[in-house]
Amino acid sequence: MSIELGHFALVLAFALALVQMAVPIIGAQIKNDTLMRVGEPAALTNFMLVALSFMALTSAYIQSDFSVLNVWENSHSAKPLLYKITGTWGNHEGSMLLWVLILVFFGALVAVFGRNLPLSLRANVLGVQGAISCAFIIFILATSNPFARLDPAPMEGRDLNPILQDIGLAVHPPLLYLGYVGFSVAFSFAIAALIEGRLDAAWARWVRPWTLAAWMFLTGGIAMGSYWAYYELGWGGFWFWDPVENASLLPWLGGTALLHSALVMEKRSALKIWTVLLAILTFSLSLLGTFLVRSGVLTSVHAFATDPARGVFILGILVLFIGGSLALFAWRAATLAPGGLFQPISREGALVLNNLVLTTATATVLIGTLYPLLVEAVTGDKISVGAPFFNLTFGPLILPLLVIVPFGPLLAWKRGDLWAVSQRLFGAFGAALAIALLAFVLVDRASVLAALGIGLGVWLVLGAMTDLVVKSGVGKAAPSVVFSRFKGLPRSVFGTALAHAGIGLTTIGIISVTTLETERIAAMQPGETVQIQGYNLRFDSLRPFTGPNYTEDQATFVLSRVTGKPLGEVVSSKRLYTARQMPTTEAGIRTLGLSQLYVSLGDQTPNGKIVVRIWWKPMVTLIWLGALVMMVGGTVSLLDRRLRVGAPMPRRKPAVEGRVA
Amino acid sequence: MTRKQKRLAIIAGALGFIGAATGLTLYALGEQTSYFYMPGDLAENPVAAGQRIRLGGLVEKGSIVRSDDTHVRFTVTDGSNTVSVRYNGILPDLFREEQGVVTEGVFDDSKMFVADTVLAKHDENYMPREVADSLKEKGVWQEN
Chain A
1 MSIELGHFAL VLAFALALVQ MAVPIIGAQI KNDTLMRVGE PAALTNFMLV ALSFMALTSA
61 YIQSDFSVLN VWENSHSAKP LLYKITGTWG NHEGSMLLWV LILVFFGALV AVFGRNLPLS
121 LRANVLGVQG AISCAFIIFI LATSNPFARL DPAPMEGRDL NPILQDIGLA VHPPLLYLGY
181 VGFSVAFSFA IAALIEGRLD AAWARWVRPW TLAAWMFLTG GIAMGSYWAY YELGWGGFWF
241 WDPVENASLL PWLGGTALLH SALVMEKRSA LKIWTVLLAI LTFSLSLLGT FLVRSGVLTS
301 VHAFATDPAR GVFILGILVL FIGGSLALFA WRAATLAPGG LFQPISREGA LVLNNLVLTT
361 ATATVLIGTL YPLLVEAVTG DKISVGAPFF NLTFGPLILP LLVIVPFGPL LAWKRGDLWA
421 VSQRLFGAFG AALAIALLAF VLVDRASVLA ALGIGLGVWL VLGAMTDLVV KSGVGKAAPS
481 VVFSRFKGLP RSVFGTALAH AGIGLTTIGI ISVTTLETER IAAMQPGETV QIQGYNLRFD
541 SLRPFTGPNY TEDQATFVLS RVTGKPLGEV VSSKRLYTAR QMPTTEAGIR TLGLSQLYVS
601 LGDQTPNGKI VVRIWWKPMV TLIWLGALVM MVGGTVSLLD RRLRVGAPMP RRKPAVEGRV
661 A
Chain B
1001 MTRKQKRLAI IAGALGFIGA ATGLTLYALG EQTSYFYMPG DLAENPVAAG QRIRLGGLVE
1061 KGSIVRSDDT HVRFTVTDGS NTVSVRYNGI LPDLFREEQG VVTEGVFDDS KMFVADTVLA
1121 KHDENYMPRE VADSLKEKGV WQEN
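The listed protein sequences correspond, in order, to chains A and B.
With our numbering, the residue at position 520 of the first sequence is 520, and numbering never jumps.
Here our numbering runs 1000 ahead of the position in the second sequence, where the first position is 1.
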């Protein structure tokens, strides 16, 4: 019964989304306050209805109600509770419902925290949010209904794809969607500005916290997806330039550019039209990502099911929103007052350079992702564009940007002094060079490029710290003054420094693991020992083990230093999920400092040994720690007083917007 | 510089940068896309030893030979032509006889394909699409 309620709630939500789309926008056109005010309760009720619908589906999963087709296809009564819950979005229909849930959640947040926005702006923003909800709810109802029944109900379900039975499914999709869909708010603000034909610095101040929050979640979602693939797929790759990964990287790059251009717009009233265009493009890239992943155009773990009708439907939504918004942009952008010009050597200049590089890099990733699809559609030839393409295009474009990142925050607005900034960065530069030299001399196998890459990462981290040091006046004032100045720095300055340092840490991790990784492949039997990177790994035993819905062969390894110091055990296993008769490899991972030892099991050889593959992954954890630091930076920035929506109208209580984080 | 000159200089710089990026992309697309081949394609147009390609097809029944160390040999087939493959390492969990597989690597001088990457399908519903499409064309595809 409750599943029908869920279905009905979703249908109601669709009807309400139509109201939310039409009434406030019409109200804003004819300047009718009552009509404009409809957006707020509509958005809140919409959120409640979709949440009800989502809970109905989740409870069917928890109760293992196999009379629901979707539950039967993707669940099993022996599955642990956590995976029953997360299994709700471990399939096409459920994950689209989660997408819509997050979309209407953001709509509700705008309704609640946007109370001090000008009435017509809020009405238009909520109206555009309503339009997006409409499109995606009807997509679910028409092509991907998760509430279909099955009669007669089977006794047992078909279980969830074992690769997805992992804590990663609880974290990765929700975070990723919070990011993807979060950019819809910036998009709605952009469309609202175009409809109204009014765009000022306050607009950028309203848009920035939403963009920042979405960017933060997307950073976390991508990093979590990367770590999940790393430990689950059994061969320790952290990024494959897979089209599905690119689909999440594209809005991230666009969103990063948007964050920086909105800064210029807020502080200097420049780059206005560009910022609006970026807001549209960033969400368009989110929509494109949804299309690529959900339409079945690509095959991957993410493409749960292929149904051509869905692909065509999402393509229609894509064309409607991207085409419509760009047409609106072309028509209305001329009515917006353009911003001023500025000196090339200045903070604004640096941010423009950042935008130039980021958007160009985004374009190359976009081309590399879509080109094979286009070639196949046009000529029928099948080509694959892989890592070599991206290393050759994305790499050379993004590396120079990383080199100049530390200069940006140190340059003054309007007119900067490059020489003075360079002098301040001498220390960081010298230290980074020294570390690069040390790495080259001390680490075997370190090539010049590897050493330079690690130096680049260190340069980013120290450069970010230099900004804090300079701004708190170290060496120019008494320690007590420095301390109080440091404490008094705006939170966004800390946020910037942390985010940039995070990029540096991730760079170090990527360079170190791609250039210095070592690996051993050996056929082993219990008692044998393999030596890798100063560690001994002894194959101790192979034992069968039975889990709740799987059986496995557990191989236990005893790890010690070559010098003999014991370091405990590493367990790696070959698992068989009984319901689907599907094997998986559970890698044994041991973190040693920032590095990891990664042990993966293969098949048995004819003489009864087991093929074991062991990787030494130096400083690999920095890849994800860096992302974590970026997220912390984003959070700190969000807490900045000046970033709150309340700021332009000080008499209102400004505390609310900070809770967006 | 006047306002107009300044603007022109910025636009010229941006165009130069974008031009460089375009050049890089075109070069990379020409050089670095590894093309996808089925055994039949290779019979018609053999590729040179050392050229990196992707080879896809079905793992031929009874062709998997495991050595006592970590090397594996198997044959990739599309129903009419076959290619022998050598690989050192761990095969994917779902690597089986008569199942779809995509391998990446190069031919050595003796026409043996030396793979450094072997990908198999992710679950029972998944077959690398390139393989599935090609097999459908050849009429050896079976819906299960």
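Ideal placement from N, C-alpha and C gives every residue a C-beta, glycine not left out.
Considering just the uninterrupted stretch of the beta strand (DSSP E) at residue i, what are its terminal residues?
i	result
ALA1049 of chain B	Element bounds for ALA1049 of chain B: n/a, residue is neither H nor E.
ILE610 of chain A	610-617
SER560 of chain A	550-561
GLY588 of chain A	588-592
ALA522 of chain A	518-524
ILE1090 of chain B	ILE1090 of chain B -> no beta strand (DSSP E), and no H or E assigned at all.
GLY602 of chain A	595-604
GLY1105 of chain B	1100-1107
ARG1073 of chain B	1071-1077
VAL385 of chain A	Run containing VAL385 of chain A: none; DSSP gives neither H nor E here.
VAL530 of chain A	529-532
If you follow the alpha helix (DSSP H) that residue i is part of, which residue opens it and which one closes it?
i	result
THR635 of chain A	622-638
GLU480 of chain A	Position check: residue 480 of chain A holds Ser in this sequence, whereas Glu was assumed. Here the alpha helix (DSSP H) through SER480 of chain A covers 479-488.
GLY564 of chain A	From DSSP, GLY564 of chain A is part of no alpha helix (DSSP H); its letter is neither H nor E.
HIS172 of chain A	167-196
VAL244 of chain A	243-268
PRO372 of chain A	347-379
HIS7 of chain A	2-30
ILE163 of chain A	Premise fails: ILE163 of chain A is in no alpha helix (DSSP H) and is neither H nor E.
Helix, strand or coil, according to DSSP, for residue i in the structure here?
i	result
LYS1061 of chain B	coil
TRP235 of chain A	coil
GLY127 of chain A	helix
MET96 of chain A	helix
PHE429 of chain A	helix
THR466 of chain A	helix
HIS76 of chain A	coil
LEU1055 of chain B	strand
ASP540 of chain A	strand
ASP1116 of chain B	strand
ARG575 of chain A	strand
VAL301 of chain A	Low confidence applies to VAL301 of chain A: its pLDDT is 49, below 50, so where it sits in the model is not reliable enough to give any reading.
ARG445 of chain A	coil
MET1038 of chain B	coil
Please say whether residue j and residue i have beta carbons closer to each other than 8 Å?
i	j	result
THR1103 of chain B	THR1117 of chain B	yes
LEU625 of chain A	LEU452 of chain A	no
VAL365 of chain A	LEU250 of chain A	yes
LEU97 of chain A	ILE140 of chain A	yes
GLY255 of chain A	THR211 of chain A	yes
GLY90 of chain A	ASN70 of chain A	no
ALA190 of chain A	ILE280 of chain A	yes
ALA555 of chain A	ASP1069 of chain B	no
ILE508 of chain A	ALA450 of chain A	no
GLY588 of chain A	VAL599 of chain A	yes
Quick check on this structure: which residue in the options has the alpha carbon closest to the alpha carbon of residue i?
i	options	result
VAL244 of chain A	A:VAL385, A:HIS260, A:ILE322	A:VAL385
ILE1011 of chain B	A:VAL571, A:SER600, A:LEU356, A:VAL461	A:LEU356
SER673 of chain A	A:LEU402, A:LEU126, A:PRO209	Not covered by the structure: residue 673 of chain A. The range shown for chain A is 1 to 661.
GLY1016 of chain B	A:ALA22, A:SER248, A:ALA257, A:LEU353	A:LEU353
GLU73 of chain A	A:PRO146, A:ALA555, A:SER286, A:VAL474	A:PRO146
ILE345 of chain A	A:PRO396, A:PHE321, A:ALA412, A:ILE317	A:ALA412
ALA202 of chain A	A:THR578, A:SER560, A:PRO118, A:PRO544	A:PRO118
LEU456 of chain A	A:PRO406, A:VAL470, A:VAL481, A:ARG445	A:PRO406
ALA51 of chain A	A:GLY502, A:PHE14, A:LEU101	A:LEU101
THR584 of chain A	A:LEU601, A:VAL571, A:LEU594	A:LEU601
LEU351 of chain A	A:GLY157, A:ALA270, A:SER286	A:ALA270
GLY182 of chain A	A:MET216, A:LEU150, A:GLU156	A:MET216
Which residues in chain E sit within 8 Å of residue i, going by Cβ to Cβ distance?
i	result
LEU281 of chain A	The displayed structure is made up of protein chains A and B, and chain E is not among them.
Scan the stretch 244-258 of chain A for residues whose Cβ lies nearer than 8 Å to a Cβ of chain B and list them as they occur along the chain. none
Between the stretch 598-623 of chain A and chain B, which residues of the former have CB atoms less than 7 Å from a CB of the latter, in chain order? SER600, GLY602, ASP603, THR605, PRO606, ASN607, VAL611, ARG613
Just by C-beta distance, which residues in the stretch 1049-1063 of chain B are closer than 7 Å to chain A? ARG1054
Using Cβ-Cβ distances below 9 Å, what residues of the stretch 1069-1089 of chain B are close to chain A? ASP1069, THR1070, VAL1072, ASN1088, GLY1089
Name, going along the chain, the residues of the stretch 376-405 of chain A whose beta-carbon falls closer than 7 Å to a beta-carbon of chain B. LYS382, ILE383, SER384, VAL385, GLY386, PRO388, PHE389, LEU392, THR393, PRO396, LEU397
Under 7 Å (Cβ pairs) to chain B, residues found in the stretch 364-376 of chain A: THR364, ILE367, TYR371
Report the residues of the stretch 500-524 of chain A with a CB closer than 7 Å to any CB of chain B, ordered along the chain. ILE521, ALA522, ALA523
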